[in-house]
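One point on numbering: in our numbering, the residue at position 265 of the sequence shown is 266, and numbering is uninterrupted.
For reference, the structure is listed below as structure tokens.
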Amino acid sequence: MESKEKEQINARKKNMRIYSVHRMLTFDLLFYYAIKFLFLTQVKGFTASDIVVVSAFLGLFKVLFQIPITVVIDKIGNRRSLIIADLFQATSVTVIMLSNSLPVLIIGNLFGAIAVAMKDVAEPGLLNSSIPDVKEKSQIYSKIDGKSVGNFYYISAFSAIVSGFLFDINGYIPMTICVIILLISALLATGFTELIPVHKQEDIKKYYKTYFRDLKLAFSFIFNSSRLKALMLFSGVMYGIIMVMNTYEMGLLDEMGLSASITGIIYAIMQIVAGISSKHHEKIHQKYKNKKRKLE
């Protein structure tokens, strides 16, 4: 009994250590976004409007895959889901890198949407199951996740600068490095231990019946609530604005005649600011709560 408890404790600790590195490498794509617009327009010959259309499909795919992906994760577990997500993301970047038409580019983003949807559910689930059920569980979760994301932004800033200079040499180099990092992340994910038992085959039909019944009730509640419908509309509009802004801000830098190296440096500065904010968000949140209590 003591041996099993010790194994469980070691597995939790190992998961949290791997999670910190894995999240740091895969929170978003490294060596990609700083040169994405330049690669698609200058190397592959796509227009800015093509990129906006593809971004719209990416958002649509993310929404459509949320529910079926949750069912898949419940069946295969968080560990396998993260490995598959990293491999799908690597496939996505590879297809984008080799794309020569809009449909192929959309297919590449389809793989990316599946990967993101899978990772968004599996990663929090794996970390949550790895933290013991203690009073400070939410604080521990926020600390580990916030630190990992903060470190990602610093690495992303470095990768943005390097990718800009590498793009000036050959546009395919930073994209290839991005794929290599994703393959390393998939290998890293194999080290996770599944702590939540995957549903047995005989229980799966019963589980799905309950799951879809609850899902139906949830959607019924959402569509009968004017507040939630307004929130969904607001989220959709804001997502669209952000995607368009992200596309055209890089396009604007290109129109200004700035090189990939300068574009990478500008993107890196934004990532550093995001990293500082992410790393200290818990302190900022705590200060806000304390101030609110004093006012009350």
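Quick reminder that beta carbons are idealized off the backbone N, C-alpha and C, glycines included.
Here DSSP, grouped into helix, strand and coil, assigns residue 226 to coil. The count of Cβ pairs closer than 8 angstroms, one atom from the segment 76-94 and one from the segment 177-189, reaches three, so the stretches are in contact. If you ignore the 5 residues before and after residue 59, its C-beta comes within less than 7 angstroms of the C-beta of 110, 113 and 114, all in its own chain and listed in chain order.
Contact between residue 19 and residue 38 is absent: CB atoms are separated by about 33 angstroms, not below the 8 angstroms threshold. In the DSSP assignment, residue 129 falls within the alpha helix (DSSP H) that extends over 103-131. Going by DSSP, residue 95 is part of the alpha helix (DSSP H) stretching over 79-99. In the DSSP annotation of this structure, the continuous segment of the alpha helix (DSSP H) that includes residue 167 starts and ends at 138-170. Apart from sequence neighbours up to five positions away, the residues of its chain that approach residue 79 with a beta-carbon distance below 6 angstroms are 123, 126 and 127, ordered along the chain. In the displayed model, residue 196 falls within coil according to three-state DSSP, outside both helix and strand. With contacts defined as CB atoms closer than 9 angstroms, residue 40 and residue 178 fail to qualify as a contacting pair.
With fewer than 16 other Cβ atoms inside 10 Å of its own Cβ, residue 235 counts as exposed. DSSP places residue 173 in the uninterrupted alpha helix (DSSP H) bounded by 173-190.
Collapsing the DSSP output to three states places residue 75 in a helix.
Residue 191 sits away from residue 90, with the two beta carbons spaced by 9 angstroms or more.
Sequence-distant Cβ neighbours of residue 108 in its own chain, meaning closer than 7 angstroms and more than five residues away, are 96. In the three-state reduction of the DSSP assignment, residue 29 falls in the coil class. CA-to-CA, the gap between residue 13 and residue 43 works out to about 46 angstroms. Linking residue 130 to residue 141 through their CA atoms gives a straight-line distance of about 12 angstroms.
Residue 5 carries a helical assignment under DSSP once its states are collapsed to helix, strand and coil. In the three-state reduction of the DSSP assignment, residue 66 falls in the helix class, which pools H, G and I. Taking residue 103 as the centre and dropping the five residues before and after it, the same chain places the C-beta of 47, 51, 54 and 55 closer than 8 angstroms to its C-beta, in chain order. With a beta-carbon spacing of about 18 angstroms, residue 119 and residue 182 fall beyond the 8 angstroms limit used to define contacts. With a contact defined as Cβ atoms closer than 8 angstroms, residue 180 and residue 94 qualify at about 5 angstroms. Contact annotation: residue 162 and residue 266 have beta-carbon atoms nearer than 9 angstroms.
Excluding sequence positions up to five before and after residue 30, its CB lies within less than 6 angstroms of the CB of 179, all in the same chain and listed in chain order.
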